[in-house]
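Asks: In case it helps, our numbering puts the sequence shown at residues 2 to 610.
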Amino acid sequence: MKQGGIAAWNIAPLFKGLGLASMVIVFFCNSYYIMILVWGLFYLVHSLTDTLPWATCGHSWNTEQCTELFNLDLCQNVSTNTTASTWTSNFSCTNMTNKRSPVIEFWENKVLRLSGGLSEPGEMNWEMILCLLTTWVIVYFCIWKGVKSTGKIVYFTALFPYVVLILLLVHGVTLPGALGGIIYYLKPDWSKLVEAQVWIDAGTQVFFSYAIGLGALTALGSYNRFHNNCYRDAYILAVINSCTSFFAGFVVFSVLGFMASEQGVDISKVAESGPGLAFIAYPKAVTLMPLSPLWATLFFIMLLVLGLDSQFVGVEGFITGILDLFPQPGAGSLRRELTAALCCIICCLIDLSMVTQGGMYVFQLFDNYSASGITLLWQAFWECVVIAWVYGADRFMDDVARMIGYRPLPVMKWCWAVVTPLVCVGIFVFHVVNYKPLTYNKTYVYPWWGEAIGWVLALSSMLCIPCTVIYKLLRCKGSLRERWQLLTTPIWGQHHLEYLTPEAEAKLLAPEPPQGEGDALRDCDLSVGRVALLPPAIAIMPAPPPTHPRCPVPPAPPRPPASLQGVNTASWGVLGATEPGQPRGTGGVPSAGERGSPGERQGGRRLGE
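Shown next as structure tokens:
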């Protein structure tokens, strides 16, 4: 479609709420995900010292309970006559139970300055505010000019982490106890497969890892050439993503095995998940290594670069969707730069609530509700249903064939139509049935009103789909069958004529609606005659040639290539039909400023927009 996450759903206008939902999710994700980068930048700055500040006690943020030798398992096995070089002479397990590691105190007292709960926001952390502003400035100046400039930066942000991962792996496997960590990583525990939470976590991780349901990949893909082999790219993306995650597991668990060996505990006692792995477990392991500041610096540089790469994708996808939703011919690059700035500023203002003393509680609300597994599963389920059953899996496979020259494997159709929707529904049900109140660190339980805020965040995207369907059906005129048939008719832009129809099918032009009937047209009035329905297939109705001097008449469409003679070239939808919210008379024709001349469209979007 050469469109962003919202306009791409013109293939089934009734379900355009899917695009709105994806934009809501990616907006929330952009808002809270950057906090990982903020914390990483803070740790990176504090790693540039001779001694890591979270390795020792005695700092202003440490309490009397801070101890550099914190090991409860070892505590149970030592006697009171342990030498003073290791333990104090008056050591006892009783006074050890309330001790805290300097790593945890640095994280909670220095970085988060954690308050007692969500109802105690406390003061803002000015150091975090500086890191937040710095991070958003970096993101803005990396994406403000469009994917052409961002693409050059991504060469570094995508490849450099592999260099650091290799260095960390080489160092990690040489540490004592690393083998135990790797064995723990590779040895499966089959009993976990019967636990619903495992499937919930796995499904959520896959959706986040592949950015499924966020609309960001749709937006970035719109900049490709029409005949780009997206089918092959999808396989390459899946393989590289999975292999990278598998490889990174060796890096993490070799270090965790070393830390478990040094402390004399089982590796399950030191393994963390979420922010705890990046900001507690790994920093603690680094303190036990020689040249600890060096390895800490490398780790947090890698974390920062990886996070920036993901942030670029999310912000770029959101901006592209907004620009396509409100096209303005001839606006130029300034419009994009202002939109990017406005997006970054709004997200930054939301992030200010996460740099307070209660910010971690706000962060968890966003993380567990706004872009959680339940919202992404809901989104993915409806995307599969609309593509496979409303638009048609066979029609979609023909679309792919027109792009790449051959149809995808038949098994893909069954995945879209049956397998993936069933998996999404199954994990969704697991998620709902096994729902537990949100907690922080398994000790603080969120109040009821905090969970209510979380569900508002979740439903703000989930309700976009049914609400849009109901709204469009109510606004449209005619019988229910006519409304369904009309609102599920794909709306193609004029520039798709050369790709979607043979020359013989492109000669019929739809009449332009009178100027006074624009409101009826936006209400889907069947009497306007702008959209014609010819059973059993949908007639192709291209818009009249534009008369604006900036919109040259497109050339006559070529016939399908010989390689696609077997592909169904029957009616594909409505060409040039006016979508509600689109200026009258444009007929879906992109402006020269938005999509370029016909020659430029042959190569996809202009990368500078």
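Idealized CB from N, CA, C, for every residue including glycine.
Rank P103, M24, L474, Q486 by C-alpha distance to the C-alpha of T288 and give the top, closest one.
Replies: Along the sequence shown, read from residue 1 onward, the residue named residue 288 stands at position 287. It is P103.
Asks: For D325, which residues of its own chain have a beta-carbon under 7 Å away from its beta-carbon, when the five flanking residues on both sides are left out?
Replies: Taking the sequence shown and counting its residues from 1, the one referred to as residue 325 is at position 324. Answer for D325: Q4, G5, I7, A8, listed in chain order.
Asks: I'd like to know whether the C-beta atoms of I614 and N435 end up nearer to each other than 9 Å.
Replies: The structure shown has nothing for residue 614, since the chain only spans 2 to 610.
Asks: Have a look at C345 and W390 and give me their C-alpha separation to the nearest angstrom.
Replies: Your numbering for residue 345 matches position 344 in the sequence shown. Your numbering for residue 390 matches position 389 in the sequence shown. Their backbone Cα atoms lie some 37 Å apart in a straight line.
Asks: Taking all protein chains shown into account, decide if S311 is buried (16 or more other Cβ within 10 angstroms of its Cβ) or exposed.
Replies: Position 310 of the sequence shown holds residue 311. The residue in question, S311, is buried, as its Cβ has 16 or more Cβ neighbours within 10 Å.
Asks: Examine the Cβ distances between the segment 357-375 and the segment 150-164 and report whether three or more of them are shorter than 8 Å.
Replies: No contact exists between the segment 357-375 and the segment 150-164.
Asks: I believe G222 touches G322 by the beta-carbon criterion, under 8 Å. Please report the beta-carbon distance rounded to the nearest angstrom.
Replies: Taking the first residue of the sequence shown as position 1, residue 222 is located at position 221. Taking the first residue of the sequence shown as position 1, residue 322 is located at position 321. Contact flag wrong, Cβ pair sits at about 12 Å.
Asks: If you reduce the DSSP assignment to three classes, tell me which class C416 lands in.
Replies: Indexing the sequence shown from 1 puts residue 416 at position 415. Correct three-state label for C416: helix.
Asks: How long is the line joining the alpha carbons of G178 and N63, rounded to whole angstroms?
Replies: Position 177 of the sequence shown holds residue 178. Position 62 of the sequence shown holds residue 63. Between G178 and N63, the C-alpha separation is close to 30 Å.
Asks: Is it right to say P162 is buried, meaning 16 or more other beta carbons lie within 10 angstroms of its own, or is it exposed?
Replies: By 1-based counting over the sequence shown, the position of residue 162 is 161. Result: buried.
Asks: Using a Cβ-Cβ cutoff of less than 8 Å, which residues in the same chain neighbour Q603 once the five nearest sequence positions on both sides are dropped?
Replies: Against the sequence shown, residue 603 aligns to sequence position 602. Only weak support exists for where Q603 lies, its pLDDT of 40 falling under 50; the coordinates are left without a value.
Asks: With C-beta atoms as the reference, is L45 less than 9 Å away from I281?
Replies: Your numbering for residue 45 matches position 44 in the sequence shown. Your numbering for residue 281 matches position 280 in the sequence shown. Not in contact: L45 and I281 (Cβ atoms no closer than 9 Å).
Asks: Secondary structure at T321, three-state DSSP: helix, strand or coil?
Replies: As a working mapping, residue 321 is identified with position 320 in the sequence shown. It is helical.
Asks: For G600, I'd like the list of residues in its chain whose CB is within less than 6 Å of its CB, leaving aside the five on either flank, ordered along the chain.
Replies: On the sequence shown, position 599 is the one that residue 600 refers to. Residue confidence is low: G600 scores 36 on pLDDT, short of 50, so the model does not pin down where it sits. Its coordinate-derived value is still stated next. Counting only Cβ-Cβ distances below 6 Å, and skipping sequence neighbours, we find nothing.
Asks: Using a threshold of 9 Å, state whether the C-beta atoms of C385 and P422 are closer than that.
Replies: Numbered from 1 along the sequence shown, position 384 holds the residue referred to as residue 385. Numbered from 1 along the sequence shown, position 421 holds the residue referred to as residue 422. Yes, the pair counts as a contact, with Cβ atoms nearer than the cut-off.
Asks: Whole angstroms are fine: how far does the CA of S32 sit from the CA of N126?
Replies: Against the sequence shown, residue 126 aligns to sequence position 125. Against the sequence shown, residue 32 aligns to sequence position 31. The straight-line gap from Cα to Cα measures roughly 18 Å.
Asks: Identify every run of the alpha helix (DSSP H) within the segment 215-265, keeping only runs that are complete inside it and at least 4 residues long; order them along the chain.
Replies: For the segment 215-265, whole alpha helix (DSSP H) runs of length 4 or above, ordered along the chain, are 217-222, 231-264.
Asks: How big is the Cα-Cα spacing for L238 and G123?
Replies: By 1-based counting over the sequence shown, the position of residue 238 is 237. By 1-based counting over the sequence shown, the position of residue 123 is 122. Going by the C-alpha atoms only, they are around 43 Å apart.
Asks: When the Cα atoms are used, what is the spatial distance from V1 to I37?
Replies: Residue 1 lies beyond the range of the chain shown here (2 to 610); nothing can be said about it.
Asks: Identify which residue in Y407, Y34, D400, F254 has its Cα closest to the Cα of K188.
Replies: The residue given as residue 188 occupies position 187 in the sequence shown. Ranking the options by Cα distance to K188, first place goes to F254.
Asks: Taking only three categories from DSSP, how would you classify Y44?
Replies: Counting from 1 along the sequence shown, the entry for residue 44 is found at position 43. Residue state, collapsed to three classes: helix.
Asks: Mapping DSSP to helix, strand and coil, what is N11?
Replies: The count along the sequence shown starts at 1 and reaches residue 11 at position 10. In the structure shown, N11 sits in a helix (DSSP, three-state: H, G or I).
Asks: Could you compute how far the alpha carbon of A459 sits from the alpha carbon of S373?
Replies: On the sequence shown, position 458 is the one that residue 459 refers to. On the sequence shown, position 372 is the one that residue 373 refers to. One C-alpha to the other measures close to 8 Å.
Asks: Label G318 either buried or exposed according to how many other C-beta atoms from any shown protein chain fall within 10 Å of its C-beta, with 16 as the threshold for buried.
Replies: What you label residue 318 is simply residue 317 of the sequence shown in a count that begins at 1. So G318 ends up on the buried side.
Asks: For T440, which residues does DSSP report across the bridge?
Replies: Locating residue 440 in the sequence shown gives position 439, counting from the first residue. Looking at the DSSP assignment, T440 forms a beta bridge with V446.
Asks: Are the CB atoms of Q380 and I466 within a distance shorter than 9 Å?
Replies: Stepping through the sequence shown from its first residue, residue 466 is reached at position 465. Stepping through the sequence shown from its first residue, residue 380 is reached at position 379. Closer than 9 Å, so yes.
Asks: Please state the DSSP three-state secondary structure of I281.
Replies: By one-based count along the sequence shown, residue 281 stands at place 280. Looking at I281 - three-state DSSP - the assignment turns out to be helix.
Asks: Skipping 5 residues on each side, what residues in its chain have a beta carbon closer than 6 Å to that of A394?
Replies: The count along the sequence shown starts at 1 and reaches residue 394 at position 393. If we look at A394 and ignore the five residues flanking it on each side, its Cβ neighbours are K414, W417, A418.
Asks: Is the segment 106-113 in contact with the segment 290-306, if contact means three or more CB pairs nearer than 8 Å?
Replies: Touching, no.
Asks: Whose CA, out of T245, L180, I183, lies closest to the CA of Y211?
Replies: Here the question's residue 211 lines up with position 210 in the sequence shown. When only C-alpha atoms are compared, the closest one is T245.
Asks: Specify the secondary structure class of T357 as computed by DSSP and reduced to three states.
Replies: Counting from 1 along the sequence shown, the entry for residue 357 is found at position 356. Residue state, collapsed to three classes: strand.
Asks: Note the first and the last residue of the continuous alpha helix (DSSP H) segment covering V387.
Replies: In the sequence shown, counting from the first residue as 1, residue 387 sits at position 386. No alpha helix (DSSP H) holds V387; DSSP gives it neither H nor E.
Asks: Just the C-alpha distance for L168 and F251, rounded to the nearest angstrom, thanks.
Replies: Indexing the sequence shown from 1 puts residue 168 at position 167. Indexing the sequence shown from 1 puts residue 251 at position 250. Spanning the two alpha carbons is a distance of roughly 12 Å.
Asks: When you compare each of V426, M463, G451 to P438 by their alpha carbons, which one comes out closest?
Replies: The count along the sequence shown starts at 1 and reaches residue 438 at position 437. When only C-alpha atoms are compared, the closest one is G451.
Asks: Since C67 sits in a beta bridge, which residues does DSSP pair it with?
Replies: For the purposes of this step, residue 67 is taken as residue 66 along the sequence shown, with counting starting at 1. In the DSSP output, where bridge partners are listed per residue, C67 has R101.
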